[in-house]
Amino acid sequence: MDCRRLPAAPDHTATDLPPRRTLLQAAAATALAWLAPVSVGTASASAQASRTARPVAGDHLVRNGDDRAAPLTPADIVAGGAPVIAWPVTPADGVVRNGSRLNRILLVRLAPDGFSAKTAAAAADGIVAYSAICTHTGCEVGTFLAAEQQLYCECHQSRFDPRDQARVVDGPAPRNLPALPLRIEDGRLLVAGPFTTRPGFEQG
Ligand code: FES
Numbered sequence: 002m003d004c005r006r007l008p009a010a011p012d013h014t015a016t017d018l019p020p021r022r023t024l025l026q027a028a029a030a031t032a033l034a035w036l037a038p039v040s041v042g043t044a045s046a047s048a049q050a051s052r053t054a055r056p057v058a059g060d061h062l063v064r065n066g067d068d069r070a071a072p073l074t075p076a077d078i079v080a081g082g083a084p085v086i087a088w089p090v091t092p093a094d095g096v097v098r099n100g101s102r103l104n105r106i107l108l109v110r111l112a113p114d115g116f117s118a119k120t121a122a123a124a125a126d127g128i129v130a131y132s133a134i135c136t137h138t139g140c141e142v143g144t145f146l147a148a149e150q151q152l153y154c155e156c157h158q159s160r161f162d163p164r165d166q167a168r169v170v171d172g173p174a175p176r177n178l179p180a181l182p183l184r185i186e187d188g189r190l191l192v193a194g195p196f197t198t199r200p201g202f203e204q205g
């Protein structure tokens with residue numbers, strides 16, 4: 002028979018156990034400590050997703066480089082002037098969708114009486130919006146040739162007709178610039194629908 006004595010079992014009495022309420026509070030604090038970082042991470046992931054998502058109806062627009070992110074109004078787009086490069090902004094939380102270059106938008110204002118039916122339907126007070134990314138190899142289309150009423154890509158001299166869905170008039174671009182329908186609400190330019198075709202380019 003083994004006469005070695007087993008160690009005595011700890012003698013927890015009512016006085017050296019933590020009170021039940023303290024245990025519950027500690028458990029709650031631990032749970033909150035785990036939940037808090039998850040909720041912050043979810044918010045950032047949501048903002049990041051908004052930054053890279055394509056524009057949707059209801060977005061407003063801000064000028065590229067405007068640190069105040071002031072919503073663009075029709076008065077900001079001068080008739081016959083150089084294209085204004087802009088970004089869409091989410092309506093609910095004001096996230097500028099500048100996480101993807103494919104969200105760069107160009108805006109020009111023209112006499113609407115020369116618009117094709119589809120372009121007239123997508124325009125607001127003579128203002129039309131297109132993807133600023135050339136469909137050839139992705140340069141920015143940033144020039145408006147006033148005499149010809151054409152958008153011009155300086156990389157390989159593609160030309161587009163902004164009065165007719167940015168149809169390719171000349172150069173190697175393989176397809177139109179995607180259009181972004183617009184509307185005006187409360188004096189601001191708003192996106193009225195998604196890009197009519199996929200923004201981006203075919204080579205490069
Ligand atoms: S990238 Fe515009 S014409 Fe080539």
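If you want this note's numbering, it's the position in the sequence shown, counting the first as 1, plus 1. Using N, Cα and C, we set each Cβ at its ideal position, and we do this for glycine too.
- The beta-bridge partner set that DSSP reports for VAL57 is empty.
- Comparing C-alpha distances from CYS140 to each of CYS156, LEU103 and GLY59 shows the shortest one belongs to CYS156.
- Here DSSP, grouped into helix, strand and coil, assigns SER47 to helix.
- At the C-beta level, PRO179 and PRO200 come within 9 angstroms of one another.
- By the neighbour-count definition (other C-beta atoms within 10 Å, threshold 16), ASP94 is an exposed residue.
- A residue is called buried when at least 16 other Cβ atoms come within 10 angstroms of its Cβ; ARG69 does not meet this threshold and is exposed.
- For ALA87, the enclosing beta strand (DSSP E) starts and ends at 85-90.
- Close CB contacts of ARG102 within its chain, under the 7 angstroms cut and outside five residues either way in sequence, are with ILE134 (chain order).
- Every beta strand (DSSP E) stretch that sits fully inside the segment 102-130 and reaches 3 residues is listed by chain position as 106-110.
- Distance check between ILE86 and each of ALA124, VAL63 and THR197 places VAL63 closest, using alpha-carbon atoms only.
- A distance below 9 angstroms separates the beta carbons of LEU152 and TYR131.
- Counting other Cβ atoms within 10 Å of its Cβ, ALA71 stays below 16 and is therefore classed as exposed.
- Excluding sequence positions up to five before and after THR197, its CB lies within less than 6 angstroms of the CB of PRO179 and ALA180, all in the same chain and listed in chain order.
- For the pair ALA80 and GLY66, the Cα-to-Cα distance works out to about 21 angstroms.
- In chain order, the residues with a C-beta atom nearer than 7 angstroms to some heavy atom of the ligand FES are CYS135, HIS137, THR138, GLY139, CYS140, VAL142, CYS154, CYS156, HIS157, GLN158, SER159, GLY172, PRO173, ALA174 and PHE202.
- Per DSSP, the beta-bridge partners of GLU186 are ARG189.
- Taken in chain order, the complete alpha helix (DSSP H) segments of 4 or more residues contained in the segment 127-167 number zero; there are none.
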